[in-house]
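Engineer: In the working numbering, the protein residues as written are 67 to 367.
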């Protein structure tokens, strides 16, 4: 065999072996690539003073009502109380009066508190408003179920008269007796998580938030008869005086030839005093202005 042919065969064998080796190596498991782990930077946090439980309007705070809670540093507002700025804040707010309600976990803000040395009731009265107290009983105050922060209509029942007048409408109740701050939608303060209704069963003093003009109206009305509080639905808290004022209308009833006037509920004009109060204090002895007989006439034979 010629040397050239032998060399060609050797080269072919080497090339085939090399190709087989490379093919076998390529089918093997691939080396694992290193996995890059993302580095997460934790945001700096600050300890903020928050309400540890529900705090009612007018409630006097204790140390147990507040606690420190971690808060993202970027979300800390300037009015929040931080532990780094005021380490003894929990002790300092003890005794302060809440001017607004606090929910559990809500940051404590000084603007919503009144110093313990300041007035207790005056802390929850709105700007320009007055606190006026009236005596009520369960039968003249919705069975005693009225609690602070409810809204009521004030009705005057004149002494010796056969009708009543709504003299004030949509009035906020500040306090019933000595109860000012209430926790929960039903006014129960014993257990904020499961509030229960509180009623009064004897005569109490109801303190109402009124404008100066309304204060004059209700004080004058107290000398004209008995006052009653009519509880309003929470849906009607935003109702205006124009749509809320009570009224009545006289119906002439003729029974067996005898005429008799009967008062029934129907719209009629009632003068309104400045400040949203409805005047029902006109002199009942003053002569009535004759009007055309526009009232309904019911004749019974």
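All C-beta atoms in this analysis are idealised placements derived from N, C-alpha and C, irrespective of residue type, glycine included.
Looking at residue 237 and residue 220, is the spacing between their C-beta atoms short of 9 Å?
Structural biologist: Yes, Cβ-Cβ distance for residue 220 and residue 237 is below 9 Å.
Engineer: Could you name the residues of the same chain whose beta carbon sits closer than 6 Å to that of residue 121, not counting the 5 residues immediately before and after it, in chain order?
Structural biologist: So the qualifying residues of the chain are 131, 164 and 168.
Engineer: Using the Cα positions of residue 89 and residue 79, report the straight-line distance between them to the nearest angstrom.
Structural biologist: Straight-line Cα distance between these residues: approximately 15 Å.
Engineer: Tell me the residue span of the beta strand (DSSP E) that contains residue 199.
Structural biologist: Start and end: 196–202.
Engineer: Spatial neighbours of residue 180 within its chain, please: C-beta separation below 7 Å, excluding the five flanking residues on both sides.
Structural biologist: Cβ within range, chain order: 162, 163, 165 and 189.
Engineer: Who are the Cβ neighbours of residue 222 in its own chain at under 7 Å, not counting the five residues just before and after it?
Structural biologist: Closer than 7 Å at Cβ, skipping near neighbours: 230, 231, 233, 287, 290, 291, 293 and 346.
Engineer: Check this for me: beta carbons of residue 136 and residue 114, under 9 Å apart or not?
Structural biologist: The answer is yes: Cβ separation under 9 Å.
Engineer: Which one or two residues does DSSP pair with residue 168 in a beta bridge?
Structural biologist: Answer is 121.
Engineer: Quick one: give me the first and last residue of the beta strand (DSSP E) that residue 231 is part of.
Structural biologist: Residues 230–242.
Engineer: Does residue 336 come out as helix, strand or coil in the three-state DSSP assignment?
Structural biologist: Low confidence applies to residue 336: its pLDDT is 42, below 50, so where it sits in the model is not reliable, and the reading given next is rough at best. Here residue 336 sits in coil by DSSP.
Engineer: For residue 68 and residue 77, what's the separation of their Cα atoms in angstroms?
Structural biologist: Distance between the alpha carbons of residue 68 and residue 77: 15 Å.
Engineer: Going by alpha carbons, who is nearest to residue 155 out of 173, 141, 140 and 71?
Structural biologist: When each option's Cα is compared against that of residue 155, the closest is 173.
Engineer: When you compare only the Cα positions, how much space is there between residue 194 and residue 117?
Structural biologist: Going by the C-alpha atoms only, they are around 29 Å apart.
Engineer: In terms of alpha-carbon separation, which member of 159, 134 and 160 lies closest to residue 150?
Structural biologist: Considering only alpha carbons, the answer is 134.
Engineer: To the nearest whole angstrom, what separates the beta carbons of residue 199 and residue 271, a pair I think is in contact under 8 Å?
Structural biologist: Rounded, the Cβ-Cβ distance is 5 Å, consistent with contact.
Engineer: Starting from the Cα of residue 158, find the closest Cα among 144, 171, 129 and 191 and give me that residue.
Structural biologist: It is 129 whose Cα lies nearest to the Cα of residue 158.
Engineer: Looking at the secondary structure, which residues open and close the beta strand (DSSP E) in which residue 149 lies?
Structural biologist: Run containing residue 149: none; DSSP gives neither H nor E here.
Engineer: Going by the CB atoms, is the gap between residue 119 and residue 138 shorter than 9 Å?
Structural biologist: Not closer than 9 Å, so no.
Engineer: Is residue 242 buried or exposed, if buried means 16 or more other CB atoms sit within 10 Å of its CB?
Structural biologist: Buried, because 16 or more other Cβ atoms sit within 10 Å of the Cβ of residue 242.
Engineer: Would you report the Cα separation of residue 171 and residue 142, rounded to the nearest angstrom?
Structural biologist: The alpha-carbon atoms of residue 171 and residue 142 are separated by roughly 14 Å.
Engineer: Output the boundary residues of the beta strand (DSSP E) element that contains residue 133.
Structural biologist: Residue 133 -> beta strand (DSSP E) spans 132–138.
Engineer: Among 203, 283 and 211, which one has its Cα closest to the Cα of residue 235?
Structural biologist: For the residues 203, 283 and 211, the minimum Cα distance to residue 235 belongs to 283.
Engineer: Which residues mark the beginning and the end of the beta strand (DSSP E) in which residue 174 is found?
Structural biologist: Neither: residue 174 is in no beta strand (DSSP E) and is coded neither H nor E.
Engineer: Across which residues does DSSP place residue 161 in a beta bridge pair?
Structural biologist: Answer is none; residue 161 lacks a bridge partner.
Engineer: Kindly indicate if chain D contains any beta-carbon less than 9 Å away from that of residue 173.
Structural biologist: In the structure shown, chain D cannot be found, because there is only a single protein chain.
Engineer: Looking at the strands, I want to know which residues DSSP matches up with residue 294.
Structural biologist: Paired residue(s): 221.
Engineer: Just to confirm, are residue 203 and residue 240 a CB contact at a threshold of 9 Å?
Structural biologist: Contact flag unset, no.
Engineer: From 298, 201 and 98, pick the residue whose C-alpha is nearest to that of residue 216; which is it?
Structural biologist: Checked all of 298, 201 and 98; the closest Cα to residue 216 is 298.
Engineer: So residue 285 is in the alpha helix (DSSP H); what residue range does that whole segment cover?
Structural biologist: Here the alpha helix (DSSP H) through residue 285 covers 278–288.
Engineer: From 192, 104 and 145, pick the residue whose C-alpha is nearest to that of residue 175; which is it?
Structural biologist: Checking every option, the nearest Cα to that of residue 175 belongs to 145.
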